[in-house]
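Residue numbers (full-length UniProt numbering), protein chains in the order written: chain A, 1 to 400; chain B, 1 to 400.
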């Protein structure tokens with residue numbers, strides 16, 4: 001397959017460098033012999049490539065590996081604390097900026113004030129300033145990752161449509177950020193960024209068939225199939241939020257009817273709370289705050305609140321059944337604002353999956369809430385940068 | 001990515017052999033120098049690998065390439081007429097067996113009598129007999145490809161559920177066919193097989209982001225994203241026929257509600273024709289025959305028939321919008337029984353896509369009827385075998 005892809009000698013070298021970096025990232029300290037064996041490369045090739053990576057400062061030698069005393073037992077290490085990345089996460093009205101090391105450990109995190117349509121230009125300036133200040137203060141920063149709401153048209157650098165906040169549609173993220181920093185910047189759809197974060201940092205281990213189901217201000221999905229992101233021709237695949245669950249349903253800004261995100265996003269919940277008054281006046285609150293008030297009321301046993309959380313969970317469950325049928329992942333991780341509803345939400349989702357998914361497939365699929373801290377969103381943006389660092393070392397260390 | 005995949009030296013050699021075969025398959029006669037340049041391999045490596053492939057009879061040398069007269073201008077060729085494959089296509093009640101060469105040219109084609117629940121064991125015997133007779137009569141046959149309805153659980157060798165014909169659910173295709181022939185056999189979900197057929201044989205050229213939308217006795221989908229099939233953890237991804245378009249809709253055998261295939265498959269159309277009598281009595285007909293009668297009546301201008309084709313096309317269009325949002329392919333090719341309705345169906349599908357898909361994405365997507373002949377279904381089964389031949393040459397020629 002991929003008949004038209006033409007590899008060059010240089011890209012073969014780059015691929016081998018990347019594989020060595022990734023091996024050290026995922027497996028920790030390893031000897032040259034261990035790497036050679038795992039990657040099917042000759043010892044001579046490993047010696048040559050690792051020597052250059054050491055010269056470039058990408059990796060370093062450690063002392064002898066435990067219990068082994070000979071030349072080949074010297075360990076090689078990718079020190080994940082030596083390199084930092086900045087993650088910037090855009091939601092419709094929320095923006096977070098975080099500084100992380102390569103292992104996804106947070107160094108610091110800042111929230112920007114909520115964004116409205118007319119504050120977008122000022123917000124973009126503010127982001128550039130803050131990121132540049134972070135870079136100026138920290139020599140270890142090697143890249144910036146940006147996570148934006150989908151559908152994100154990667155080649156064009158802009159979002160095709162953002163429900164509830166059309167202003168972002170006119171922003172070209174590539175133009176706004178490409179030359180803005182002294183380090184490279186990489187932009188990705190937010191749920192796909194979340195999938196990368198769980199691929200890299202999930203304490204449950206690396207899963208090669210992973211879906212990250214983002215239920216926040218929008219509803220999004222990132223899918224890793226056999227170790228690779230499902231991207232689509234324009235980088236706009238896996239837009240679960242605009243998959244219809246009712247072809248006669250509620251119209252959506254995207255042109256479709258009955259879009260999933262019209263039923264279970266934080267925006268949809270906020271609208272419902274305004275309409276029904278289930279938890280009192282929610283007019284001055286952000287979408288996240290309104291949702292939190294609902295989840296707190298449900299946790300306190302309020303019947304109407306519990307019923308609404310259950311209903312939202314059922315809708316999220318319909319989306320989950322579609323994810324199973326469309327992508328057949330091994331693990332579905334649910335995150336972002338609405339996931340903070342916790343067990344009652346997850347129970348309702350699992351109830352729907354048990355009722356409606358194909359048994360053989362449902363039984364083989366784990367559905368969990370994200371184990372990453374609540375700032376997982378911005379961690380995804382960092383994961384975008386870290387993934388590029390591990391896949392394209394020549395961008396960071398030259399053609400070593 | 002794919003951190004846990006461990007390549008060995010042997011698999012690197014196999015990958016290079018496969019890349020050379022694929023290059024010759026897609027680009028025709030090429031010199032060693034052209035292949036070396038295209039694949040980023042050294043001339044020495046090309047010389048070594050091609051010598052072995054020539055010895056094994058996989059490829060051959062041709063005379064000097066046009067206009068070039070030196071040692072490096074000798075052409076290499078994968079003669080697609082030298083190797084044959086057999087394709088076996090299962091639908092719910094239709095089974096076809098075809099003999100093809102590597103370019104997808106049909107040598108012969110046989111239809112089996114329609115299958116009912118109680119004739120399944122006899123049918124399996126009949127298939128084994130016929131395929132073995134074809135192999136015995138033709139030394140060029142190198143492999144058998146089998147296309148089966150989804151969701152097909154590849155590791156287990158069986159279909160998870162088959163709407164309208166539960167009997168096939170108890171059949172383990174791997175057990176039935178794995179040792180049945182003197183050549184290797186490969187089994188794949190039917191719509192994925194169709195995607196491979198269009199990837200290999202579409203006269204419009206190779207498309208790296210391709211969806212094949214099968215609307216036949218079932219509704220299925222095969223997606224090639226960036227040159228690779230989207231498989232899912234169990235090989236059961238892209239089951240568009242069981243994605244719900246109405247969470248309060250018609251129940252399906254799979255457990256879900258409002259499954260797309262309940263609205264636009266040949267089975268659904270046959271049911272509707274029985275219920276409404278639009279084209280008279282259709283009780284004794286196969287699903288394909290009943291559909292053809294509808295399409296003929298519509299072509300003759302029958303108003304009720306036209307309205308039904310339009311309605312079916314609208315439903316197929318809702319599925320198309322989901323395909324755009326879920327997979328963002330560059331090209332969607334529609335095939336199988338219902339595609340024979342032709343332009344009126346395609347027009348209704350495009351009408352729905354224009355209304356409901358995200359503009360930026362709809363504009364970048366070609367939606368067409370399959371340009372392959374009406375036996376495209378069984379061509380897909382052949383494509384499964386051909387894809388394996390091109391990707392795993394050591395299975396056919398040993399570890400050359």
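C-beta atoms are modelled at their ideal positions from N, C-alpha and C, and glycine is treated no differently. Quantities reported herein were computed from a predicted structural model and do not represent experimental measurements.
Under 9 Å between beta-carbons, which chain B residues line up against residue 153 of chain A? List them in chain order, please.
-> Mapped onto the first chain, residue 153 of chain A falls at position 153. In chain order: 360, 361 and 364.
Measuring only between beta-carbons, confirm whether residue 388 of chain B sits less than 8 Å from chain A.
-> Position 388 of the second chain holds residue 388 of chain B. For residue 388 of chain B, the answer is no, since every Cβ of chain A falls outside 8 Å of its Cβ.
Listed by chain order, chain B residues near residue 245 of chain A by CB distance under 9 Å = Along the first chain, read from residue 1 onward, the residue named residue 245 of chain A stands at position 245. Listed by position along chain B, the residues whose Cβ is nearer than 9 Å to that of residue 245 of chain A are 244, 245, 246, 247 and 258.
So which of A:323, A:12 and A:65 has the shortest CA-CA distance to residue 31 of chain A?
-> The residue given as residue 31 of chain A occupies position 31 in the first chain. Looking at the Cα atoms, A:65 is the closest of the given residues.
Do you know how far the Cα of residue 40 of chain B is from the Cα of residue 12 of chain A?
-> Within the first chain, residue 12 of chain A is the residue found at index 12, counting from 1. Within the second chain, residue 40 of chain B is the residue found at index 40, counting from 1. Straight-line Cα distance between these residues: approximately 7 Å.
Report buried or exposed for residue 322 of chain A, applying the criterion of at least 16 other Cβ atoms within 10 angstroms of its Cβ.
-> Here residue 322 of chain A refers to the residue found at position 322 when the first chain is read from its first residue. Counting of Cβ neighbours within 10 angstroms places residue 322 of chain A among the buried residues, the total reaching 16 or more.
If you draw a straight line from the alpha carbon of residue 441 of chain B to that of residue 25 of chain B, how long is it in whole angstroms?
-> What is shown of chain B runs 1 to 400, which leaves residue 441 of chain B out entirely.
Please confirm if the stretch 168-188 of chain A is in contact with the stretch 115-129 of chain A, defined as three or more CB-CB distances below 8 Å between the two stretches.
-> yes
Test item: CB-CB of residue 338 of chain B and residue 266 of chain B under 8 Å | For the purposes of this step, residue 338 of chain B is taken as residue 338 along the second chain, with counting starting at 1. For the purposes of this step, residue 266 of chain B is taken as residue 266 along the second chain, with counting starting at 1. Yes.
At what residue ranges does the stretch 212-280 of chain A contain a whole run of the alpha helix (DSSP H), taking only runs of 4 or more?
-> 261-264 and 266-276
Helix, strand or coil for residue 302 of chain B, going by three-state DSSP, please let me know.
-> As a first step, residue 302 of chain B must be located in the second chain, where it is residue number 302. Three-state result, residue 302 of chain B: coil.
Counting contacts by CB-CB distance shorter than 8 Å, is residue 255 of chain B in contact with chain A?
-> Residue 255 of chain B sits at position 255 when you count from the first residue of the second chain. It does; some Cβ of chain A falls within 8 Å.
Residues of chain A with CB under 9 Å from residue 329 of chain B, in chain order?
-> As a first step, residue 329 of chain B is located in the second chain; it is residue number 329 there, counting from the start. Those within 9 Å of residue 329 of chain B in chain A are 232, 233 and 237.
Assign residue 283 of chain B to one of three DSSP states: helix, strand, or coil.
-> Locating residue 283 of chain B in the second chain gives position 283, counting from the first residue. Correct three-state label for residue 283 of chain B: coil.
DSSP-derived helix/strand/coil call for residue 359 of chain A = The residue given as residue 359 of chain A occupies position 359 in the first chain. The answer is helix: DSSP assigns residue 359 of chain A an H, G or I state.
What residues from the stretch 34-51 of chain A come within 7 Å of chain B, judged by C-beta to C-beta, listed N to C?
-> 38, 39 and 40
Are at least three pairs of beta-carbons, each pair with one atom in the stretch 130-146 of chain B and one in the stretch 80-95 of chain B, less than 8 Å apart?
-> yes
For residue 390 of chain A, which of helix, strand or coil comes out of DSSP?
-> What you label residue 390 of chain A is simply residue 390 of the first chain in a count that begins at 1. If DSSP states are grouped into helix, strand and coil, residue 390 of chain A belongs with the helices.
With 16 other Cβ atoms within 10 Å as the buried cut-off, status of residue 146 of chain A | Residue 146 of chain A sits at position 146 when you count from the first residue of the first chain. Answer is buried; the Cβ neighbour count reaches 16.
What is the residue span of the alpha helix (DSSP H) that residue 131 of chain B lies within?
-> Start at 1 with the first residue of the second chain, and residue 131 of chain B comes out as number 131. Residue 131 of chain B -> alpha helix (DSSP H) spans 120-136.
Cβ pair residue 36 of chain B, residue 42 of chain B closer than 8 Å = By 1-based counting over the second chain, the position of residue 36 of chain B is 36. By 1-based counting over the second chain, the position of residue 42 of chain B is 42. Yes, the pair counts as a contact, with Cβ atoms nearer than the cut-off.
Over what stretch of residues does the alpha helix (DSSP H) that includes residue 192 of chain B continue unbroken?
-> Sequence index remark: in the second chain, residue 192 of chain B carries index 192 (1-based). Start and end: 190-201.
Between the Cα of residue 177 of chain B and the Cα atoms of B:157, B:194, B:190 and B:195, which residue gives the shortest distance?
-> Here residue 177 of chain B corresponds to residue number 177 of the second chain, with the count starting at 1. Among B:157, B:194, B:190 and B:195, the Cα nearest to that of residue 177 of chain B is on B:157.
Near residue 420 of chain B, what residues of its chain come up, given a Cβ to Cβ distance below 6 Å and the 5 sequence neighbours on each side ignored?
-> Any question about residue 420 of chain B goes unanswered here, given that chain B covers just 1 to 400.
For residue 174 of chain B, which three-state DSSP category applies?
-> If you number the second chain from 1, residue 174 of chain B lands on position 174. Residue 174 of chain B: helix per DSSP, three-state reduction.
Take residue 381 of chain B as the anchor and find which of B:249, B:274 and B:189 has the nearest alpha-carbon.
-> Indexing the second chain from 1 puts residue 381 of chain B at position 381. The candidate whose alpha carbon is nearest that of residue 381 of chain B is B:189.
Counting along the chain, where does the alpha helix (DSSP H) carrying residue 50 of chain A start and finish?
-> Residue 50 of chain A sits at position 50 when you count from the first residue of the first chain. Residues 43-55.
Where does residue 209 of chain A fall in DSSP's three states?
-> Taking the first residue of the first chain as position 1, residue 209 of chain A is located at position 209. DSSP places residue 209 of chain A in coil when its eight states are reduced to three.
Among A:340, A:393 and A:347, nearest to residue 293 of chain A - alpha-carbon criterion | Locating residue 293 of chain A in the first chain gives position 293, where the first residue counts as 1. The candidate whose alpha carbon is nearest that of residue 293 of chain A is A:340.
Could you give the residue range of the beta strand (DSSP E) that holds residue 147 of chain A?
-> Position 147 of the first chain, counting from 1, holds the residue named residue 147 of chain A. Taken as a continuous stretch (DSSP letters only), the beta strand (DSSP E) holding residue 147 of chain A covers 141-148.
Answer yes or no: the CB of residue 238 of chain A versus the heavy atoms of the ligand FMN, is any distance below 7 Å?
-> The ligand content of the structure shown is nil, which means the ligand FMN is not present either.
Check whether residue 77 of chain A and residue 49 of chain A have beta carbons under 8 Å apart | The sequence position of residue 77 of chain A within the first chain is 77, counting from 1. The sequence position of residue 49 of chain A within the first chain is 49, counting from 1. Contact check for residue 77 of chain A against residue 49 of chain A fails: the beta carbons are separated by 8 Å or more.
Members of the stretch 303-322 of chain B near chain A, C-beta cut-off 7 Å = 318, 321 and 322
Classify residue 250 of chain B as buried or exposed, calling it buried when 16 or more other Cβ atoms lie within 10 Å of its own Cβ.
-> Sequence index remark: in the second chain, residue 250 of chain B carries index 250 (1-based). Classification of residue 250 of chain B: exposed, given that the 10 Å Cβ count is below 16.
Cβ neighbours of residue 5 of chain A in the same chain (closer than 7 Å, five flanking residues each side left out) = Here residue 5 of chain A refers to the residue found at position 5 of the first chain. Note that residue 5 of chain A scores a pLDDT of 40, beneath 50, so its modelled location is shaky; the value from the coordinates is reported in the next line. Excluding positions up to five away in sequence, the list is empty.
Spell out whether any CB of chain B is found under 8 Å from the CB atom of residue 341 of chain A.
-> For the purposes of this step, residue 341 of chain A is identified with residue 341 of the first chain, where counting begins at 1. By this cut-off, residue 341 of chain A is not an interface position.
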